[in-house]
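Student: Quick one: the structure is below, and I'll ask about it shortly.
There are 2 protein chains.
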Amino acid sequence: MKIGIFDSGVGGLTVLKALREELPSVDFFYLGDTARVPYGSKSKETIQRYSLECADFLLSFGIELLVVACNTASAYALDLLRESLAIPVVGVVEPGVEYALKISKGKRIGVIGTKGTVQSAVYQNLLRERGAQPIAKACPLFVPLVEEGIVKGRIAQSVVEYYLEELKDKVDTLILACTHYPLLKETIKEFMGDVDVVDSAHAVAQKVKELARNEGNGTLKLFFTDNSPNLSHLIKLILGQEQSYETIPILCKL
Amino acid sequence: MKIGIFDSGVGGLTVLKALREELPSVDFFYLGDTARVPYGSKSKETIQRYSLECADFLLSFGIELLVVACNTASAYALDLLRESLAIPVVGVVEPGVEYALKISKGKRIGVIGTKGTVQSAVYQNLLRERGAQPIAKACPLFVPLVEEGIVKGRIAQSVVEYYLEELKDKVDTLILACTHYPLLKETIKEFMGDVDVVDSAHAVAQKVKELARNEGNGTLKLFFTDNSPNLSHLIKLILGQEQSYETIPILCKL
């Protein structure tokens, strides 16, 4: 079976890693849109266009299921992708929400993500529909912090405190609604104290496992739209091993 | 006279502002590539392609001079733009370097900018050619900090200290080689102490004044490739007044 995954950059590799652990025989095609990263601060229209372009590219390999590993794209473009494509499309929002609802005792659930994800209110609406009380907060500095490798220490701590102060003692569960955030998990837990932290990667992998067959040759093809200076280092950091990749310069259809 | 200016986003508006003060009768056309911002972390090839696309768009208005307000694009694409275009092209690097050399007493000059700008070594080479001793440092968190509005206080101070510690007491002049950085100037000065800080916007405006005629209707047209959530707020913050703009969704030529 062939599965396609796309993300605005390298963050979605955390989802890819979890998927490969659950479905080792599947053939995976990953596309990171590093030429246009980040998606989190851009408009709905632009995110939708970029998402369709990424999906089109992956469809050319004959994928039978598409995973949208980017939270912003899942928030803004999932319905559009489901309408436009003939294959199942799995986003990161629903699996994360379902898992949070399962483990949360008081149903007071925090959601942190990019501006785009939080402003779309997709997480908040879904949580409210299912009887939880969400508090959402955009943390725009978390992605650049992680990409700069600053995940512990004084600066990471002050930034975590700056954003999460207003959530502290108000939630029992916290959804990390951005694929970069798991790398800050320790510092976040340290500040938030006794709170369950939900990292969507594993929730998504469980969801995909229900829909997929563990068949194929277990291959992996990585594509990026820009060969950014830090790329091979970040791939190794997240996947835990070096991995070759191809650069495809253009996605624009219009 | 018609002058075109482009930048990866809103930062170049600081250059536009300085230009309009010097040349109030000129008709300005500004393009901010907010759909693909930032440029600073992307590869040379991608920056060159984006720069040509931005220039092409502005040329369609009949501009007679092009200002590259983005430091990363100036560092990677200036020569290519000069070869490809029939009109004069002014970047931000040379004017900033010339001004720094003029005011620096000891010729120990620091340069801070994005990863792209620093890795290109364009500033360092130019300064060395002219007999100065440059020390350069990439400060990737400064742009997101400014865009988040965090320019003073504890977090801004720790981040400034984190990057500039190794430049302190080693330079007498510091070039802010990124159009976002002037907004952090106060915090930078506070940490660096007795150092002259060079903000390229004014240096560029002086250079353009030598090449341009102050003629026209004094109009301004702003274009952005994405209508990002924070855009009108940032335009007002930098230009000091509200300003209407158009969104042009596509630039890709290939």
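Protein chains in written order, with this note's numbering: chain A, 1 to 254; chain B, 255 to 508.
C-beta atoms are modelled at their ideal positions from N, C-alpha and C, and glycine is treated no differently.
Can you give me the C-alpha to C-alpha distance between V111/A and Q206/A, rounded to a whole angstrom?
Tutor: Here residue 111/A is taken as the residue at index 111 of the first sequence, counted from 1. Here residue 206/A is taken as the residue at index 206 of the first sequence, counted from 1. Rounded to the nearest angstrom, the two C-alpha atoms are 20 Å apart.
Student: At a CB distance below 9 Å, what residues from the region 15-40 of chain A approach chain B? Give them in sequence order.
Tutor: Answer set for the region 15-40 of chain A: T34, A35, R36, V37, P38.
Student: Can you have a look at K256/B and say buried or exposed, based on whether 16 or more other CB atoms are within 10 angstroms of its CB?
Tutor: Counting from 1 along the second sequence, the entry for residue 256/B is found at position 2. Buried: at least 16 other Cβ atoms inside 10 Å.
Student: With DSSP as the reference, label V347/B as helix, strand or coil.
Tutor: Here residue 347/B corresponds to residue number 93 of the second sequence, with the count starting at 1. Reduced to three states, the DSSP call for V347/B is helix.
Student: Can you name the start and end residues of the beta strand (DSSP E) that V451/B belongs to?
Tutor: As a position in the second sequence, residue 451/B is number 197, starting the count at 1. Its beta strand (DSSP E) spans residues 450-453.
Student: Please state the DSSP three-state secondary structure of A255/A.
Tutor: There is no way to answer for residue 255/A, as the model of chain A reaches only from 1 to 254.
Student: Hey, is R408/B's beta-carbon within less than 7 Å of any beta-carbon in chain A?
Tutor: As a working mapping, residue 408/B is identified with position 154 in the second sequence. It does; some Cβ of chain A falls within 7 Å.
Student: Looking at C-alpha atoms only, which residue of H487/B, R290/B, Y499/B is the closest neighbour of T46/A?
Tutor: As a working note, residue 46/A is residue 46 in the first sequence. Here the closest residue by C-alpha is R290/B.
Student: In terms of residue numbering, what span does the beta strand (DSSP E) encompassing A392/B cover?
Tutor: As a working note, residue 392/B is residue 138 in the second sequence. Run containing A392/B: 387-392, per the beta strand (DSSP E) assignment.
Student: At 7 Å on the CB atoms, spell out the chain A contacts of Y416/B, in chain order.
Tutor: Against the second sequence, residue 416/B aligns to sequence position 162. Going along chain A in sequence order, the residues near Y416/B (Cβ under 7 Å) are I155.
Student: Given that a residue counts as buried once 16 or more other Cβ atoms are within 10 Å of its Cβ, and exposed if not, what is E148/A?
Tutor: Here residue 148/A corresponds to residue number 148 of the first sequence, with the count starting at 1. Classification for E148/A: buried.
Student: Can the beta-carbon of L66/A be found closer than 7 Å to that of V92/A?
Tutor: Your numbering for residue 66/A matches position 66 in the first sequence. Your numbering for residue 92/A matches position 92 in the first sequence. No; because the gap between Cβ atoms is not below 7 Å, this pair is not in contact.
Student: Provide the residue(s) that pair with G266/B in DSSP beta bridges, ordered along the chain.
Tutor: Your numbering for residue 266/B matches position 12 in the second sequence. In the DSSP output, where bridge partners are listed per residue, G266/B has none listed.
Student: Find the nearest neighbour of Q511/B within the set Y293/B, K361/B, Y416/B, judged by alpha-carbon distance.
Tutor: There is no way to answer for residue 511/B, as the model of chain B reaches only from 255 to 508.
Student: Could one say the Cβ of K115/A lies closer than 7 Å to chain B's Cβ atoms, at least one of them?
Tutor: Looking up residue 115/A in the first sequence gives position 115. Yes, its Cβ sits closer than 7 Å to a Cβ of chain B.
Student: Suppose contacts are defined by Cβ-Cβ distances below 7 Å. Is G218/A in contact with S25/A by that definition?
Tutor: Here residue 218/A refers to the residue found at position 218 of the first sequence. Here residue 25/A refers to the residue found at position 25 of the first sequence. Against a cut-off of 7 Å, the Cβ pair of S25/A and G218/A comes out as a contact.
Student: Measure the C-alpha to C-alpha separation of V54/A and F6/A and round it to an integer number of angstroms.
Tutor: Taking the first sequence and counting its residues from 1, the one referred to as residue 54/A is at position 54. Taking the first sequence and counting its residues from 1, the one referred to as residue 6/A is at position 6. Inspection of the sequence shows that residue 54/A is occupied by Cys rather than by Val. So the alpha carbons of these two residues sit roughly 7 Å apart.
Student: Give a yes or no on whether the minimum CB-CB distance between E500/B and chain A is below 7 Å.
Tutor: As a working note, residue 500/B is residue 246 in the second sequence. Not closer than 7 Å to any Cβ of chain A, the Cβ of E500/B fails to qualify, so no.
Student: Skipping 5 residues on each side, what residues in its chain have a beta carbon closer than 8 Å to that of L339/B?
Tutor: As a working note, residue 339/B is residue 85 in the second sequence. Closer than 8 Å at the Cβ level, and outside the excluded window around L339/B, lie A309, L313, L320.
Student: Select from F142/A, V171/A, V197/A, Y76/A the residue whose C-alpha is nearest the C-alpha of A132/A.
Tutor: Mapped onto the first sequence, residue 132/A falls at position 132. Of the listed residues, the one whose Cα sits closest to A132/A is V171/A.
Student: Do T14/A and A75/A have their C-beta atoms closer together than 7 Å?
Tutor: Within the first sequence, the letter at position 14 stands for residue 14/A. Within the first sequence, the letter at position 75 stands for residue 75/A. Not in contact: T14/A and A75/A (Cβ atoms no closer than 7 Å).
Student: Would the region 445-455 of chain B and the region 408-427 of chain B be scored as touching if the rule is three or more Cβ pairs under 8 Å?
Tutor: They touch, by the three-pair rule.
Student: Taking the alpha carbon of Y499/B as the reference point, which residue from L399/B, E275/B, S486/B, E337/B has its own alpha carbon closest?
Tutor: Reading the second sequence from its first residue, position 245 is the one you call residue 499/B. Among L399/B, E275/B, S486/B, E337/B, the Cα nearest to that of Y499/B belongs to S486/B.
Student: I want to check one thing, is the minimum distance from the CB of G364/B to the heavy atoms of the ligand MG below 6 Å?
Tutor: Ligands in the displayed structure: none, and consequently the ligand MG is not present.
Student: Can you check whether the CB of S295/B is closer than 7 Å to the CB of N227/A?
Tutor: As a working mapping, residue 227/A is identified with position 227 in the first sequence. As a working mapping, residue 295/B is identified with position 41 in the second sequence. The answer is no: Cβ separation not under 7 Å.
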